[in-house]
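Sequence order for the protein chains is S, Y, W and R.
Note that numbering that gives the first Met the number 0 numbers the first sequence so that position 63 is 62, with each residue one more than the last.
Note that numbering that gives the first Met the number 0 numbers the second sequence so that position 129 is 128, with each residue one more than the last.
Note that numbering that gives the first Met the number 0 numbers the third sequence so that position 187 is 186, with each residue one more than the last.
Note that numbering that gives the first Met the number 0 numbers the fourth sequence so that position 212 is 211, with each residue one more than the last.
Comments concern the structure below.
Number of protein chains: 4
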Amino acid sequence: MIREGLILKIDCPDRAGLVAKIAGYVSEHEGNLVEFNQFTDAVRSRFFARLEIDTSGLKVETDEFVRGFGTLGRLLEAQWHFRRLPYRMRTAVLVTKTDHCLNEILWRAQLCELPVEITSIIGNRDDCRLIAEQAGIPFHHVEIGEDKEEGFRAIDRLLTKQAVELVVLARFMQVVPGWLCAAYKGRMINIHHSFLPAFVGANPYRKAFERGVKLIGATCHYVTEDLDAGPIIDQEVERVQHYHSVHDLIRLGRDCERSALAKGIRYHVHERIILDNHRAIVFPD
Amino acid sequence: MIREGLILKIDCPDRAGLVAKIAGYVSEHEGNLVEFNQFTDAVRSRFFARLEIDTSGLKVETDEFVRGFGTLGRLLEAQWHFRRLPYRMRTAVLVTKTDHCLNEILWRAQLCELPVEITSIIGNRDDCRLIAEQAGIPFHHVEIGEDKEEGFRAIDRLLTKQAVELVVLARFMQVVPGWLCAAYKGRMINIHHSFLPAFVGANPYRKAFERGVKLIGATCHYVTEDLDAGPIIDQEVERVQHYHSVHDLIRLGRDCERSALAKGIRYHVHERIILDNHRAIVFPD
Amino acid sequence: MIREGLILKIDCPDRAGLVAKIAGYVSEHEGNLVEFNQFTDAVRSRFFARLEIDTSGLKVETDEFVRGFGTLGRLLEAQWHFRRLPYRMRTAVLVTKTDHCLNEILWRAQLCELPVEITSIIGNRDDCRLIAEQAGIPFHHVEIGEDKEEGFRAIDRLLTKQAVELVVLARFMQVVPGWLCAAYKGRMINIHHSFLPAFVGANPYRKAFERGVKLIGATCHYVTEDLDAGPIIDQEVERVQHYHSVHDLIRLGRDCERSALAKGIRYHVHERIILDNHRAIVFPD
Amino acid sequence: MIREGLILKIDCPDRAGLVAKIAGYVSEHEGNLVEFNQFTDAVRSRFFARLEIDTSGLKVETDEFVRGFGTLGRLLEAQWHFRRLPYRMRTAVLVTKTDHCLNEILWRAQLCELPVEITSIIGNRDDCRLIAEQAGIPFHHVEIGEDKEEGFRAIDRLLTKQAVELVVLARFMQVVPGWLCAAYKGRMINIHHSFLPAFVGANPYRKAFERGVKLIGATCHYVTEDLDAGPIIDQEVERVQHYHSVHDLIRLGRDCERSALAKGIRYHVHERIILDNHRAIVFPD
């Protein structure tokens, strides 16, 4: 991936000449197309693309280049989104008790594998405070009590105040209310500890154990108002045997969860995902 | 695995000294224990084991050795099963239209990877006749028409007449009636073209496509009266991308189906599976 | 993939505006770009692309469109290659004794997973004759005796006479002489039964067993004059345990071999591979 | 796995009646065999077994039970090893610069997934000091300068003083001298960042990139005097594409390294490995 420049994501009704037109716009302004990914959904006749543009040779200001694209975009009846590099996405991580997913995110952020700026860690329990503090990140304990709405309004205020672009539910064990899902549509990522759509809801490892499956999994997906039904970004599985207890499944599943969540966040912050209704188009790196 | 000798599968309530007692019986009679697998289900306090016994040095007749085990078996309140090697399990394969699973079975049987004697191939359509004939195996076309029972009674008569020990549903696209499932309990293996319990029933690849999953799979399981709910023997998965159509999923899924079914049959005919209610204990090789 | 139209593969020195120019050429002539894959090797500053073009709306004859591209291609100092669809690639399969890879190819060709026309099966032993005949494909037994060159000249004559575009070594257990490798450069595919570059040469499963590896593999690659050193197309692995004998490794490895070879051929005949010296750029489907 | 009791590992020349004799000893003393794993190497005619024994019902002292086994052990010409549970293995971790493997070990130790007591972290550079300190573990910076022996003698003194049972090379970028390998034979575990035996020695990711492999890997193995040639415990792989740079391979490989090393340590500290010359027999959990 380029370190400086622009990422453009675009989707529009399919028609002949789209690649030529879009790449032509970049070329006319002497941008250099470094990576180009495209997908045409033949069934729905819709075009999706992601471009990485080296802007060092642009003959106009980057802002003007971005603004100027609007004419073409509107002509194509497109939805589009530019991201200027370098950037680090402002991200809040919501947790409850277990810390393996949080740990993974912190470690990868530190390594610069994930270009995020973690604005805060928000827990409905206090368990992850120490980890947050050791990483030098503010921790907020927001209890979700009898009146759940109250707790979520407090969380919402924190997210707004911190100008968060991405919310990661890193084994956050509360159902997020519909209004908050809607507010962060396409910007709230969850890790579910099963191979969706198998074992929706609570205690998936117990259910997996009882069903006697031979593979367990984890699913990273966008959160929507329908529980565990949002667009899937990544899924990971691990083989299990008859001698594995529920406790073993939980242990083995942690590795699936860490891996799927890390990939999901990576694709999102690198702007490698375009949502096509309930499906996630992912151009992996 | 040994080529000549005995396989013993046994399960009984757990108690101290079981391994010593069972291995002791073998040792007393100068059998040689070549492979020993054991599993104790701590939750249900039940013991499961599989033994491969080289009988070349037995100081009694093999039949007497087998018969004599009854005293110990009854003492332990065990269920047990001896299989004399070498053997080839009499197997009928039920098919409909697609032949990839059938092909896989025939190929592995020919290579002696699967010690089966395929007594016949039974199709509710005529599509697989040529393959059967090229392999030199009798093919029966049994139509499943309006009165489904009639068709299944015809199939049942064939199975009985051929003294079939194992029935393999190799993409057989009909729901087997409860009475036939019951008659072949623990001896009828199906391949379902999804990662169960996701996408039970018809058209799982279409459902998987619509859900936007990132992994598809296949599940080999014993058939019970509850559709797609029997004990799981093996599951295989394949990664898919947004650009894969339903047709692609069907193509990629074929490889999962072939692989899962072949493993499932292998474990069964090598007596490597002990059923523990709705779970399959598999000692893989 | 499209069923009718053109595939264009192209590579050239990287410069700004390449995508716009190439897609522009298609667009000008009212071709419709259905799939576009691109890769820029930043280290070597070289551009690689593959285009699928729906030609049903072309305003010129397809031949003229192809011919006309030459002007642009030369300007870009490119290498390019057009393939007209539908087509089936004329393919010869070379075998020795084992038939699992051959079987796999025949089965996938029959299913139309692999758009190949198998012109003949050539064996340096007679073992695979029956399979060839059952599939209705000519079988040639060409002995490779004391004077190996003589045998290979006979094979070469067959390939030439049959106007073969692709040669598949499906567990062909002879070292192909350099002059024949050179003649089919980029058009001869081999399956090696190890995870290259580990265990080059003969008896890789025995070497793997002796080294005590925990994963075995198979590698599908283009054949070059250096034994087992050609560009790698696909690699598959399978987990093994301490209890697996060399014989078990051979058995488990067959599945890797079949899978890797089938993928390799698929990518080649669908024109999804561009060779970049000793590396294979693969745009998978 | 049991929490209290004994693990017994044993290997001896194969003969009839071994399981009966060994299990018989446990049974006679009213120990309860909770898990029993066995492997017979038919080629070398050698027997290997691992037993988990619940000692709560033993009719003698555990020490006496262990001592008393010697009579049988000597009779069988066996090598054997008892481990009393619960225990935490005293472990030193050697590091250089990168911290991902260290991090993984610390995280799993904290979660009690790895029953180790980390006595210290020893670095030939100072980079990992902060992590060690945050985890509350002593960090020793031991420079390996011109006279490498001097550095390694200092490390050896630390290991001895701390009564270390296991040495983990967690991306320690120095070749350990033969005398130190010998001193910790079967007790020093390394993670090599390639799929051995491919890419022995330095810069395996660069070599993998240059060879154009389609899978990269990591190997966890015991350290012997022959570089990267010790018995392999676990190997993990990850699929790579033509667009992955060396830098990407390093990134993706980290996940293989973490996973393979964590599994290797787990099997070792749970006494699930028996060394059979240059091969590791692993009874996984």
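Just so it is clear, CB atoms sit at the ideal spot from N, CA and C, and this is done for glycine as well.
Taking S26(S) as the query, report the chain R residues whose CB atoms sit under 9 Å from its CB, ordered along the chain. Those within 9 Å of S26(S) in chain R number zero; the least Cβ separation is about 22 Å.
Answer yes or no: do P85(R) and R2(R) have a C-beta to C-beta separation smaller than 7 Å? In contact: P85(R) and R2(R) (Cβ atoms closer than 7 Å).
Residue ranges of each beta strand (DSSP E) run of no fewer than 3 residues wholly in the segment 11-76 of chain R, ordered along the chain? 31-40, 45-53
Are the beta-carbon atoms of K20(W) and H80(W) separated by less than 7 Å? no
Other residues of its chain near V33(Y): CB distance less than 6 Å, five sequence neighbours each side excluded: I1, E51, D53
Can you look up A153(S) in the DSSP assignment and give me helix, strand or coil? A153(S) falls in the helix class under three-state DSSP.
Thinking C-alpha only, which one of I215(S), A279(S), Q161(S) is nearest R250(S)? I215(S)
Could you tell me the alpha carbon to alpha carbon distance between L17(S) and F46(W), rounded to whole angstroms? 20 Å
Given a cut-off of 7 Å, decide if I120(Y) and E143(Y) are closer than it, judged by their beta-carbon atoms. The sequence as given places Ile at residue 143(Y); Glu does not occur at that position. With respect to the 7 Å criterion, I143(Y) and I120(Y) are not classified as neighbours on the basis of their beta carbons.
DSSP three-state label for N102(W), please. In the three-state scheme derived from DSSP, where H, G and I count as helix and E and B as strand, N102(W) is classed as helix.
One or two residues paired with A228(S) in a DSSP bridge: Paired residues: none, contrary to the question.
When the distance is taken between beta carbons, is L260(S) closer than 7 Å to C100(S)? For C100(S) and L260(S), yes; Cβs fall inside 7 Å.
Contact set between D254(S) and chain R, taken where Cβ atoms lie within less than 8 Å: S258
Note down the Cα distance separating A41(Y) from F38(S), rounded to an integer number of angstroms. 52 Å
Let me make sure I understand the geometry here. Which of S258(S), S26(S), I154(S) has the alpha-carbon closest to that of R14(W)? R14(W) has its Cα closest to that of S26(S), out of S258(S), S26(S), I154(S).
Pull up the CB-CB distance for L75(S) and F64(S), whole angstroms please, since I reckon it's below 8 Å. Not confirmed; about 17 Å, so no contact.
For G69(Y), does the count of other Cβ atoms within 10 angstroms reach 16, so buried, or fall short, so exposed? Exposed, by the Cβ-count rule.
Boundaries of the beta strand (DSSP E) in which R89(S) is found, first to last residue: Where R89(S) is concerned, the enclosing beta strand (DSSP E) stretches over 88-94.
I'd like to know if the segment 86-94 of chain W and the segment 147-164 of chain W are in contact, where contact means that at least 3 CB-CB pairs between them fall below 8 Å. yes
So which of M187(Y), V239(Y), E132(Y) has the shortest CA-CA distance to V222(Y)? M187(Y)
Do P196(R) and A181(W) have their C-beta atoms within less than 7 Å of each other? No; because the gap between Cβ atoms is not below 7 Å, this pair is not in contact.
Output the boundary residues of the alpha helix (DSSP H) element that contains V245(Y). 245-268
At what residues does the alpha helix (DSSP H) containing Y183(S) begin and finish? Run containing Y183(S): none; DSSP gives neither H nor E here.
Starting from the Cα of Q173(W), find the closest Cα among A217(W), P12(W), H191(W) and give me that residue. H191(W)
Please state whether the Cβ-Cβ distance between F171(W) and V94(W) is less than 7 Å. yes
Could you name the residues of chain R that R250(S) contacts, counting a contact when the two beta carbons are closer than 8 Å? Chain R residues near R250(S): E112.
DSSP three-state call for L129(Y): helix, strand or coil? helix
Residues from the segment 87-115 of chain W in contact with chain Y, defined by Cβ distance under 8 Å: H99, N102, W106, L110, E112
Give, in chain order, every residue of the segment 122-139 of chain W whose Cβ lies closer than 8 Å to some Cβ of chain Y. Q133
Which two residues bound the contiguous beta strand (DSSP E) that contains Y221(Y)? 214-221
Tell me the rounded alpha-carbon separation between F35(Y) and G122(S). The straight-line gap from Cα to Cα measures roughly 49 Å.
Leaving out the 5 sequence neighbours to the left and right, which residues in its chain are closer than 6 Å to F208(R) when beta-carbon positions are compared? V245, L248
If you count every other CB in all the chains shown that lies within 10 Å of the CB of L168(S), and 16 or more means buried, which is it? When all chains shown are included, L168(S) counts as buried.
With a cut-off of 8 Å on the beta carbons, I'd call H220(S) and N189(S) a contact; round off their distance for me. 6 Å
Coarse secondary structure for T159(Y), derived from DSSP in three states: helix
Considering only the alpha carbon of each residue, which of V199(Y), K96(Y), C255(Y) lies closest to R124(Y)? K96(Y)
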